[in-house]
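To start, the structure under review is shown below, and the notes come after it.
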Amino acid sequence: MPLCVLVTGTMKADELAMRDQATMSAPGCAVHSNGDIKVENNAMLLAGAVGTSGLSSGAVAPAAQIGSPQIEDPFGGMRMGSGGGLLGVGLPGDLCVPLDTLVSAGLQVLPPGLHCGPINVEKNATLTLLPGEHYFRKGKLDMKDSARIVGADVVLVFDKEADFKFKDNVQVELEGRKSGPFAGFVIATTQANDHTFEISSTAARKLLGTIYIPSAILQVTGGKTPVANESAWTVIVAKSIKMQGAPNLVINANYAGSSVPVPKGVGPGDAAVRLTR
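In structure tokens, the structure reads:
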């Protein structure tokens with residue numbers, strides 16, 4: 000069973016935690032937590048297979064394989080740079096002078112490269128990312144209202160001081176890199192990043208690729224709307240995943256249905272996990 004969700008944290012606070020009416024739907028692949036799985040209230044975890052190295056409680060189908068061996072971070076050997084730096088930026092940290100960017104109307108096009116400082120996109124504005132590696136340093140990517148973020152053949156890489164918030168009715172349409180050192184990744188962070196990456200938008204429909212935030216938290220909240228459901232495939236590797244409200248995080252596994260390659264170690268190329276239904 001291909002691995003599509005891995006919670007890497009082992010401490011109590013690092014669990015895969017779901018409450019209220021939140022749902023995770025991963026029918027064609029495996030979900031594994033190195034810590035506990037805690038599903039409360041009317042929340043549900045539905046997957047092709049479920050494993051935990053800790054305990055499991057709540058509505059989990061099929062029942063979790065408790066006491067499964069821990070799975071190491073499949074990308075732990077990636078060179079993301081030292082001291083919170085980022086691979087390929089080519090600029091010392093002290094040359095990154097943060098500038099506040101506000102986009103409140105029309106179209107803003109970002110070429111690949113270094114984006115230094117907070118970026119706020121609001122109202123009906125659109126932020127288009129051109130193909131390539133986009134490095135976000137020293138600030139949040141904060142999107143709200145009915146703004147839109149679009150990018151194909153892109154990866155968003157966040158240093159230890161950066162994260163994103165997709166709120167309100169923000170439209171998210173992101174497809175990962177097709178080649179290069181980040182092939183198969185759509186979101187990535189340095190190992191030093193312990194922030195919370197928040198998705199509460201009603202229209203975060205496409206996150207095609209691997210979301211790799213190994214020391215950070217993915218928080219998915221909001222109303223009864225699907226998240227990532229228009230992606231051919233999605234893989235999540237996070238220290239912790241927290242879900243509340245009524246969102247449905249959809250983890251598709253149509254790996255042959257996209258030109259974005261799946262990184263070795265997850266999906267159909269995974270050799271580390273052998274969970275069965």
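End of the sequence shown = 276 in numbering that gives the first Met the number 0, gap-free, step of one. The beta-carbon is built from N, C-alpha and C at its ideal position, and this holds for glycine as well. Just so you know, these numbers come straight off a predicted model, no measurement behind them.
The segment 244-260 makes no contact with the segment 134-149: fewer than 3 CB pairs, one atom from each, lie closer than 8 Å. For Asp-162, the enclosing beta strand (DSSP E) begins and ends at 162-165. Ala-255 and Thr-209 have their C-alpha atoms spaced approximately 15 Å apart. Residue burial is scored here from C-beta neighbours: Asp-99 has fewer than 16 other C-beta atoms within 10 angstroms and is therefore classed as exposed. Distance from Ala-203 to Ala-227 at the Cβ level is roughly 7 Å; contact confirmed, criterion being Cβ atoms closer than 8 Å. Cβ atoms of Asn-251 and Ala-231 come within 8 Å of each other, at about 6 Å. For Asp-158, there is no enclosing beta strand (DSSP E), as DSSP marks it with neither H nor E. In terms of Cβ geometry, Lys-37 and Ser-56 form a close pair [threshold 8 Å].
Gly-175 sits in coil when the DSSP states are folded into three classes, being neither helix nor strand.
Going by DSSP, Met-77 is part of no beta strand (DSSP E) at all; its letter is neither H nor E.
In the DSSP secondary-structure assignment, Pro-225 is bridged to Asn-247.
Here Phe-196 is bridged, per DSSP, to Leu-217. In this chain, Pro-110 is not harboured by any beta strand (DSSP E), its DSSP state being neither H nor E. Straight-line measurement puts the Cα of Thr-127 at about 17 Å from the Cα of Asn-168.
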